[in-house]
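This report refers to the structure that appears directly beneath it.
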């Protein structure tokens, strides 16, 4: 059957919400051919799929990221669709709007404004796709692939990569610290989809230098892809399809970026040229800080402590330049009232003694120099790299810390209110940063990898500390206990927009461990965090874990987090492993708008009272989705009975595991008006002891409700977006929205930016 390239033009614009614009995917007959992200100004989005000629096709514009964020309602407006030069209005008779999933169920007449996720479908007859006249046989044209990349070297060796098409190498490149275009040509089959693969193959950490590759863009015959495009994935390690995540710019491990390029990227008979590049941005590592703009002292590997320290590099005569040591810069800032910033040039700095800051150092900043990588190496002699005792409003930013001892701290702050620790990279050692008696501190935008103990430890007296936008991987690698982020004895702490991966025990832990109230913790906010794979080496723990041995109302808030993969050392045994775990009398907490999925247990309340668990999505957990237990094994119970816990308005999906587990008096929790899905009404999915159901310890939903639980609760299909791929977000047309369930801002969960 003859085919031809058809030009499809979608003229569209949108309204943003939460800083994110409206996105759409173009499909023809259900097959993706491209995508676009709109701005507030209308523009043409041009696609050229190769389609069967002289045949009717369905051209589908699928809007897929509807949301309401802080009162901003994201929406997509389609002004027109042009096929083969023929313009069609979105309200034309051949256009329909399939709201929600593209399933033909909730179909209305076509309209310009797409207020909900859904698909505009153009039922275009064969006249829109005429056969090409007198086609001329063509051979495969030369295809041009341009990779814009930069890298961070280690041991004097730059990042190396290969470019493959469908697994066959077509070239290779070595990336320097400045981004550049690497151009490759090949002769791929025309009018056929291909996988374009950028394979990073020499990752290493050498003397604290972490080699990495940054891919800024991939351009295929003029079609430019961002590495974070939905068409791009990152296959970590071997190219085997086993450890695949979403595409990203920074390739921090050996692996392959795979662009799933559609047939339209490889048209027949075309001669392509290297696209005119947009100005190449200066590559910056992540995290990063701006280049210096204010007066400061400088420290460099080629510096000299007898110089003034006011030059960023030695002068031509070799008579002046930067300092050689951080301690000399510290002394200089104390002596000069006009300069309070030290910029540390790239290179390796081996500490023999702690850099100790006291009240005479208040207000100073130690900062990396632009995008250069200054690496601070710890040692047995300097178990603390930066110590603060009495220094207020200090900033440490843009540095890399490594080689610390497992019992030490890279930064230890006591009586250091207003500390800012930002945009640093921390690997190995012991504690990443510990603050105590240091209120209003900020730990933001850092990367922590394999810290021996907690990556972030907020100890007593550090009220109103903010821990935000940090990427934490493999915390507690040496002591195998506690949490990636641990808050103890400090109140009004905000833990937001962090991503914590692969924790041996808890990912985020907040609360008190003493029954006398000496480390009481109140009003923590845990919001918009993403927790992946916690409790890997424990049988008792949680992704987000609260503890309250002080035994009073905490006022904690746990909202809009995504928690998945919380497991146990022996997951098939008797374990206490929960996505969100309110342990040891945690009381007065609000748990709302979280997505708790693919853990062993969902949400657990242990001995506490007056907690609110509402409007969460709890799904696909292999144990109980919700659990409540009165008895606490820890001694020191003050006699308050578990009561007043409200569990309502939750979407509880029982495709795996069981529904609800209760061990304790009947009044431990008031479950009502929940939305159950994937629940077999003939199966005994509810258990309670002492026995309250006529059926025994276990019962069906009807047995459960007859015992007084879950009044007003119903069974329905909540409309998950893609539960088969563990995407339990709710589609725009989910019926629970009409029943009072508030929208969860899925796009805002996790790291900022």
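Numbering (the working numbering), first residue to last: 12 to 764.
A virtual CB, placed ideally from N, CA and C, is assigned to each residue, including glycine.
- Judged by beta-carbon spacing, residue 397 lies within the 9 Å limit of residue 422, meaning their Cβ atoms are closer than that value.
- In the three-state reduction of the DSSP assignment, residue 345 falls in the helix class.
- Contact annotation: the segment 402-415 touches the segment 380-387, with at least three C-beta pairs closer than 8 Å.
- Partner residues in the beta bridge of residue 358, as assigned by DSSP, are 385.
- Under the three-state reduction of DSSP, residue 220 is assigned to strand.
- Of the other Cβ atoms in all chains shown, fewer than 16 fall within 10 Å of the Cβ of residue 42; this residue is therefore exposed.
- The C-beta of residue 266 has 16 or more other C-beta atoms within 10 Å across all chains shown, which makes the residue buried.
- The beta carbon of residue 490 lies closer than 7 Å to those of 463 and 464 in the same chain, with the five residues before and after it left out.
- Residue 743 places its beta carbon 9 Å or farther from that of residue 121.
- With contacts defined by Cβ atoms closer than 9 Å, residue 434 and residue 409 form a contacting pair.
- Residue 425 has 400 and 447 as its beta-bridge partners, per DSSP.
- For residue 127, no beta strand (DSSP E) segment is defined, and its DSSP state is neither H nor E.
- Contact between residue 439 and residue 419 is absent: CB atoms are separated by about 11 Å, not below the 8 Å threshold.
- Here the alpha carbons of residue 472 and residue 403 stand approximately 14 Å from one another.
- Inter-residue distance for residue 322 and residue 424 is about 30 Å (C-alpha atoms, whole angstroms).
- Remark: C-beta atoms of residue 448 and residue 482 do not approach each other more closely than 9 Å.
- If you ignore the 5 residues before and after residue 401, its C-beta comes within less than 6 Å of the C-beta of 369, 370 and 426, all in its own chain and listed in chain order.
- DSSP places residue 747 in the helix class (H, G or I) of the three-state scheme.
- Every beta strand (DSSP E) stretch that sits fully inside the segment 432-495 and reaches 3 residues is listed by chain position as 436-438, 442-447, 453-455, 458-460, 467-469, 477-479 and 482-484.
- In the DSSP annotation of this structure, residue 263 is not part of any alpha helix (DSSP H), being labelled neither H nor E.
- Residue 353 is a Cβ neighbour of residue 340, given a cutoff of 9 Å.
- Contact annotation: residue 626 and residue 612 have beta-carbon atoms that are not nearer than 9 Å.
- Contact between residue 573 and residue 455 does not hold, since the beta-carbon distance rounds to 20 Å and is not under 8 Å.
- Of all alpha-carbon atoms in 594, 497 and 479, the one lying nearest the alpha-carbon of residue 506 is that of 479.
- If you check the CB distance, residue 680 and residue 639 come in under 9 Å.
- The DSSP-derived three-state label of residue 18 is coil.
- Close CB contacts of residue 134 within its chain, under the 8 Å cut and outside five residues either way in sequence, are with 67, 69, 105, 106 and 107 (chain order).
- Between residue 71 and residue 131, the CB-CB gap stays under 9 Å.
- Under DSSP, residue 368 forms a beta bridge with 399.
- In this chain, the beta strand (DSSP E) harbouring residue 38 covers 34-39.
- The segment 584-592 makes no contact with the segment 643-654, as fewer than three CB pairs between them are under 8 Å.
- Boundaries of the alpha helix (DSSP H) harbouring residue 713: 712-717, taken from the DSSP string.
- Burial check for residue 535: the Cβ neighbour count within 10 Å reaches 16 or more, so the residue is buried.
- Annotated three-state conformation of residue 84 is strand, per DSSP.
- DSSP, read as helix, strand or coil, puts residue 699 in strand.
- Here residue 685 is not near residue 706, since their CB atoms are 9 Å or more apart.
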